[in-house]
Amino acid sequence: MPAVAGGLALLAAERARLAPWLAVALGAGVLAYFGLGQEPPRAALWLAPPLLALAFWVAARRPVLGWLCGLLGAAALGFAAALWHAGYQPPMPDLPRGATIITARVVAVELLPEGQRLTLDAPRLDGGAPLERHLRVRLRAEDPARPRPGDLVRIRALVRPPVGPAYPGAWDFQRAAWFSGLAGSGFALGRAEVTPGETGGPALAGLRAEIEARVVAAVPGPAGAVAAALLTGGQSAIPAADLVAMRDSGLAHLLSVSGLHITIVMGLSFGLLRLWLALVPFLALRLPGKAIAAVGALAVGGLYLVLTGSQVPMQRSFAMAALATLALLTGRRALSLRAWALAAAAVLLAQPAAILGPSFQMSFAAVLALIAGWEWLRPRLPKAGPGAARWRRRLALAAFGIIATSVLAGLATTPVGLHHFGRLQLYGVAANALAVPVTSLLVMPAGMAAVALMPFGLEGLALAPMGWGVEAILAVARWVAGWPGAALLAPPIPAWGLGLCAFGMLWLCLWGTAWRMLGVPLILAGLASGAWQRPPDILVSADARLIGLRAGEGLAIQRVSGASGLTRESWLRLFGAAEAAALPREGALAEEAIRCAPGACTYRPLDGGPAAVLLRGAPPAEACAGAALVVSAEPVRGRCGAQVIDRFAVWRNGAHAVWLDPQGVRVLSDRAARGARPWVPPVPVPRGTPSQDPPAPVE
1 MPAVAGGLAL
11 LAAERARLAP
21 WLAVALGAGV
31 LAYFGLGQEP
41 PRAALWLAPP
51 LLALAFWVAA
61 RRPVLGWLCG
71 LLGAAALGFA
81 AALWHAGYQP
91 PMPDLPRGAT
101 IITARVVAVE
111 LLPEGQRLTL
121 DAPRLDGGAP
131 LERHLRVRLR
141 AEDPARPRPG
151 DLVRIRALVR
161 PPVGPAYPGA
171 WDFQRAAWFS
181 GLAGSGFALG
191 RAEVTPGETG
201 GPALAGLRAE
211 IEARVVAAVP
221 GPAGAVAAAL
231 LTGGQSAIPA
241 ADLVAMRDSG
251 LAHLLSVSGL
261 HITIVMGLSF
271 GLLRLWLALV
281 PFLALRLPGK
291 AIAAVGALAV
301 GGLYLVLTGS
311 QVPMQRSFAM
321 AALATLALLT
331 GRRALSLRAW
341 ALAAAAVLLA
351 QPAAILGPSF
361 QMSFAAVLAL
371 IAGWEWLRPR
381 LPKAGPGAAR
391 WRRRLALAAF
401 GIIATSVLAG
411 LATTPVGLHH
421 FGRLQLYGVA
431 ANALAVPVTS
441 LLVMPAGMAA
451 VALMPFGLEG
461 LALAPMGWGV
471 EAILAVARWV
481 AGWPGAALLA
491 PPIPAWGLGL
501 CAFGMLWLCL
511 WGTAWRMLGV
521 PLILAGLASG
531 AWQRPPDILV
541 SADARLIGLR
551 AGEGLAIQRV
561 SGASGLTRES
571 WLRLFGAAEA
581 AALPREGALA
591 EEAIRCAPGA
601 CTYRPLDGGP
611 AAVLLRGAPP
621 AEACAGAALV
631 VSAEPVRGRC
641 GAQVIDRFAV
651 WRNGAHAVWL
661 DPQGVRVLSD
671 RAARGARPWV
681 PPVPVPRGTP
691 SQDPPAPVE
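Here full-length UniProt numbering is used: the first residue of the sequence shown is 1, the next is one more, and so on.
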């Protein structure tokens, strides 16, 4: 009992910092739902109310014990929110295998480097009943049609349902599509027939499309695509080479409209509104200028939020901005851990599945590190002196602020980047030190002026300097991305390693006493977790068109025509490799671990361990005799003494991962990894030979 008493005493000492942990418990409940192997009963929705009521009752008498009960209640609430959102989604439709005529209303238009992509609401396929979900269809590059949101279109297209994970445990596109309302995606086989819709159409989508079109027309090339992304949130028109340069230089966050952008927009709005009120003596003497400017800036921030598509980082930023405005009006501290927790709780309750994505994780990790880091740094910074020394000190502190902010945010998001992308950007601090001031002082102010001038047709006056600033940012990105070792590839850390890093960071940032340092070894252990996880020896894609064999530290791949490039890229990230070797027709790889002949490849990664045979035309009977596992891109007919992964196996159960251990063969299918969840397609019913058409990725 002394240990319990000591723990309660520590919690009592941290009483002022207990509340943010309720948001952590809420997130843990959401993760618990997504970690299940099968769908829980709907009765679980009723667990949260009694637990929360118990927490309130106990907290009125014993605050610390009430907080502990509150953790259980918050976790139950997060679990219930995820369960409710999953069950609320409409079912996935069966899409036709062949070409179909789609008739639908356009709700969004995305500009691409070549062509356009339409989001279609309530589409009718071949004149059937409207689907409850939307479709995304890419128009042909030479199609002269220029549909706008609200228009009706008729397109002959080929559409496919969302693709499954590239390997067991990889990012789940089908889960993302389930919660986003997407039925599938595809491409047009002919020109689109457009019928103008009702005047106005979807107002926000139309406004977004109009702004994007004007920006791209005024600022040509990649700079125009980036400028449009900053004002409308759409990145689809940015060339792939520039996206890679921004990513490898550590500047990709500038493309994702988030806290930096809304801070600039609201900060400028606040300053201009307050200046205008101060310049009118009648208003300055009679109205609370600061409060009015704060509310006006919040309204501008809300418009920017909806204009850019209400992405998760923007939701977090706007929620915190709203809390900061409320704090300003009531005389409280604007940015705090409680504001961070309230913003996280709001996003989780509205979109529970967001917690699984890199956008949510990076956004909230970066802001948590900034709040806690500056809370620790601020009292330790020197004060500005008098006279000329005061300005020099202010400039030095401003430069230090940019560097410290980049370092804190970069360190906080490193585990997320390693888990999802398997990359480390080593020069992000240098790139941000050059690019962030340009964004803050030139690009975003000019962009705001351009939007304000658009009703008068004068946006070109502001878009020109905005384009100059964007060109400078792209030049920095290309320059830094070209430095040696700018982006290091590394095997991704597993989900449990990311969990260790996240919990360690929460422990370090949310507590205020010395025991917060216990979070550091947890973070280090999570970062090292990638070294403890052995990648699969064999990977088979969901259509069997890609089969990969681990070759030392890299990957050797057999590729059939039409194989998914997205799957191949995911496999390379899993192994931390830039390229993969091709399995030879004849010869050996990986110190004789892989031996290929015209009819088959034999794979034995461990001396004396089990062997696998990859069939390439040889009779199955020969392979079955001496192998523990037989892998084939085609159906294996007849009986086989060895375990078999063939075209039928992946058709039924998705991608497969295999480990050839000294004790035997371990096989994990995607269906076994994900379980029976609403977004996992049911086991297909045999209807002759399974379709060879690969599913389309979620674009």
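C-beta: ideal position from N, C-alpha, C; glycine also.
None of the values given here were measured: they were computed from a predicted structure.
Residues bridged to residue i (per DSSP)
i	result
residue 601	596 and 614
residue 645	631
residue 187	138 and 158
residue 259	None; residue 259 has no bridge partner.
residue 425	487
residue 101	156
residue 658	538 and 667
residue 151	Beta-bridge pairing links residue 151 to no other residue.
Cα-Cα separation, residue i to residue j
i	j	result
residue 141	residue 116	7 Å
residue 645	residue 38	24 Å
residue 587	residue 147	54 Å
residue 175	residue 49	27 Å
residue 399	residue 422	30 Å
residue 178	residue 407	36 Å
residue 13	residue 390	39 Å
residue 41	residue 376	45 Å
residue 27	residue 510	15 Å
residue 694	residue 168	Bear in mind that the predicted position of residue 694 carries a pLDDT of just 49, short of 50, making it unreliable; the figure below should be weighed with that in mind. The alpha-carbon atoms of residue 694 and residue 168 are separated by roughly 17 Å.
residue 342	residue 23	7 Å
residue 670	residue 677	12 Å
residue 525	residue 19	27 Å
residue 697	residue 369	Residue confidence is low: residue 697 scores 43 on pLDDT, short of 50, so the model does not pin down where it sits. Its coordinate-derived value is still stated next. Taking the straight line from one Cα to the other gives about 34 Å.
residue 255	residue 632	42 Å
residue 699	residue 564	A caution first: residue 699 carries a pLDDT of 37, below 50, which makes its placement in the model too unreliable to give a value.
residue 11	residue 17	9 Å
residue 527	residue 293	44 Å
residue 365	residue 72	23 Å
residue 302	residue 549	50 Å
residue 193	residue 118	13 Å
residue 445	residue 312	23 Å
residue 536	residue 604	13 Å
residue 681	residue 569	24 Å
Pair within 7 Å by beta-carbon distance, residue i and residue j
i	j	result
residue 250	residue 428	yes
residue 431	residue 367	no
residue 229	residue 235	yes
residue 420	residue 358	yes
residue 425	residue 477	no
residue 269	residue 219	no
residue 298	residue 325	yes
residue 761	residue 461	The structure shown does not extend to residue 761, since the chain is modelled only from 1 to 699, so the question has no answer here.
residue 504	residue 522	yes
residue 223	residue 470	yes
residue 642	residue 660	no
residue 25	residue 74	yes
residue 323	residue 371	no
residue 164	residue 654	yes
residue 109	residue 204	no
Local Cβ density within 10 Å of residue i, reported as buried at 16 or more and exposed below that
i	result
residue 507	buried
residue 316	buried
residue 130	exposed
residue 88	exposed
residue 308	buried
residue 662	exposed
residue 683	exposed
residue 534	exposed
residue 77	buried
residue 561	exposed
residue 126	exposed
residue 304	buried
residue 15	exposed
residue 745	What the structure shows of the chain is the stretch from 1 to 699, and residue 745 is not part of that stretch, so it cannot be assessed.
residue 484	exposed
residue 241	exposed
Three Cβ pairs or more, each shorter than 8 Å: is that satisfied between the segment 181-201 and the segment 210-230?
no
Are at least three pairs of beta-carbons, each pair with one atom in the segment 535-551 and one in the segment 511-520, less than 8 Å apart?
no
Quick check: the segment 100-114 against the segment 153-162, are at least 3 beta-carbon pairs closer than 8 Å?
yes
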